[in-house]
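**Student:** Sequence lines, in order, name chains A and B.
Just so we're aligned, residue 381 is where the first sequence starts under the numbering used here, counting upward by one.
Just so we're aligned, residue -6 is where the second sequence starts under the numbering used here, counting upward by one.
Idealized CB from N, CA, C, for every residue including glycine.
I'd like to ask some things about the structure below.
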Amino acid sequence: KNEVEQSPQNLTAQEGEFITINCSYSVGISALHWLQQHPGGGIVSLFMLSSGKKKHGRLIATINIQEKHSSLHITASHPRDSAVYICAVALIQGAQKLVFGQGTRLTINP
Amino acid sequence: GAGVSQTPSNKVTEKGKYVELRCDPISGHTALYWYRQSLGQGPEFLIYFQGTGAADDSGLPNDRFFAVRPEGSVSTLKIQRTERGDSAVYLCASSSGIWNEQYFGPGTRLTVT
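In structure tokens, the structure reads:
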């Protein structure tokens, strides 16, 4: 079993829909990251959080440490949001090396 | 300022050859990470540097892989006797400290034929 599990693996939605991507983990963490990867490979960090909730524009990330679960929400989705969204956790032990989920491929149709 | 840069962006090599992949971190970032991403998978940790020293190399798959960061800035990932299974995108990231956000480079796509 992977230490970081994301769901769904693939998600297709219509422009304007509210999107939720889930991440569950089984290890002790110091922080959780949400990353965005566009075709071609470039990775952009969206959020780093260790508790509560963060918001940036139409993106919202929440984390529940007790339940070892995080969600990434996109409001008023747009075709330019189409990308792979990756959840990654920083382990509590050792250096800040990241353990990544498999990613969720999001496609927003116009 | 400039972000993390990686060169080359693409590298095609024959099985058995030696390759070097370069990472230029954001200026002043003391922490540098190498990850490998196979097709359709999430990235996997390879090695982490704090300054010039490799603080954690537990992700290197075998002794054909080696990385250096001699002056605490630029890092080179070296792969000897490449195998087809080494084909992947090699990602570098840097941060201003181990508890801070990591900034990723565009990656080097390595193809071993």
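Which residues in the same chain as Ala456/A place their Cβ atom closer than 7 Å to its Cβ, once the five residues preceding and following it in sequence are excluded?
**Tutor:** If we look at Ala456/A and ignore the five residues flanking it on each side, its Cβ neighbours are Gly396, Arg438.
**Student:** How long is the line joining the alpha carbons of Leu39/B and Leu103/B, rounded to whole angstroms?
**Tutor:** Straight-line Cα distance between these residues: approximately 15 Å.
**Student:** Look at the Cβ atom of Pro36/B, then the Cβ atom of Tyr28/B, and state whether they are nearer than 7 Å.
**Tutor:** Yes, the pair counts as a contact, with Cβ atoms nearer than the cut-off.
**Student:** Could you check how far apart the C-beta atoms of Lys477/A and Asp49/B are, in whole angstroms? I think they sit under 8 Å.
**Tutor:** Correct: roughly 6 Å between the Cβ atoms.
**Student:** Looking at the C-beta of Lys477/A, does it have a partner C-beta in chain B at a distance below 7 Å?
**Tutor:** So, interface residue.
**Student:** Can you confirm whether the stretch 82 to 102 of chain B touches the stretch 408 to 427 of chain A when touching is taken to mean that 3 or more C-beta pairs between the two stretches lie within less than 8 Å?
**Tutor:** Touching, yes, given that three or more Cβ pairs across the two stretches are closer than 8 Å.
**Student:** Out of Leu471/A, Cys467/A, Ile472/A, Pro490/A, which one is the CA nearest neighbour of Gln389/A?
**Tutor:** Taking only the C-alpha atoms, the option nearest Gln389/A is Cys467/A.
**Student:** Select from the stretch 77 to 99 of chain B all residues with a C-beta closer than 9 Å to any C-beta belonging to chain A, and list them in chain order.
**Tutor:** Cβ contacts with chain A come from Val82, Leu84, Ala86, Ser88, Gly90, Ile91, Trp92, Asn93, Glu94, Gln95, Tyr96, Phe97, Gly98, Pro99.
**Student:** Which of helix, strand or coil does DSSP assign to Asp17/B?
**Tutor:** Three-state DSSP puts Asp17/B in a strand.
**Student:** Using the DSSP secondary-structure output, state which residues sit across from His458/A in a beta bridge.
**Tutor:** Bridge partners of His458/A: none, in fact.
**Student:** Starting from the Cα of Gln(-1)/B, find the closest Cα among Ser87/B, Gly52/B, Arg77/B, Gly9/B and give me that residue.
**Tutor:** The option with the nearest alpha carbon to Gln(-1)/B is Ser87/B.
**Student:** List, in order along the chain, the chain A residues whose C-beta lies closer than 9 Å to that of Phe59/B?
**Tutor:** Correct list: empty, because the minimum Cβ distance to chain A is about 18 Å.
**Student:** Over the uninterrupted beta strand (DSSP E) stretch that includes Asn489/A, give me the two end residues.
**Tutor:** That run of the beta strand (DSSP E) goes 484 to 489.
**Student:** Would you say Ile423/A faces chain B, with C-beta separation under 7 Å as the test?
**Tutor:** For Ile423/A, the answer is yes, since a Cβ of chain B falls inside 7 Å of its Cβ.
**Student:** Residues of the stretch 447 to 466 of chain A in Cβ contact with chain B at a cutoff of 7 Å, in chain order, please.
**Tutor:** Residues passing the 7 Å Cβ filter: Ile466.
**Student:** Could you tell me if Val407/A is buried or exposed, where buried requires 16 or more neighbouring beta carbons within 10 angstroms of its beta carbon?
**Tutor:** Val407/A comes out exposed.
**Student:** Answer with buried or exposed for Pro18/B, where buried requires no fewer than 16 other C-beta atoms within 10 angstroms of its C-beta.
**Tutor:** Label assigned to Pro18/B: buried.
**Student:** Taking the Cβ atom as the reference point for each residue, do Thr75/B and Val105/B lie within a distance shorter than 7 Å?
**Tutor:** Yes.
**Student:** Got a sec? Which residues, its chain only, sit under 6 Å from His453/A by beta carbon, not counting five neighbours each side?
**Tutor:** For His453/A, where only same-chain residues beyond five positions count, the Cβ hits under 6 Å are Thr400, Ile440.
**Student:** Give me the Cβ distance between Leu426/A and Asp461/A, rounded to the nearest whole Å; I'm assuming they're in contact under 8 Å.
**Tutor:** Not really, about 11 Å apart at Cβ, beyond 8 Å.
**Student:** Can you pull the DSSP bridge partners for His436/A?
**Tutor:** Looking at the DSSP assignment, His436/A forms a beta bridge with Leu439/A.
**Student:** With 7 Å as the threshold, decide whether the Cβ of Gly35/B is near any Cβ in chain A.
**Tutor:** At least one chain A Cβ lies under 7 Å of Gly35/B.
**Student:** Leaving aside the five residues before and after Tyr41/B along the sequence, list all residues of the same chain whose C-beta is less than 6 Å from its C-beta, in chain order.
**Tutor:** Closer than 6 Å at the Cβ level, and outside the excluded window around Tyr41/B, lie Tyr26, Ala48, Asp49.
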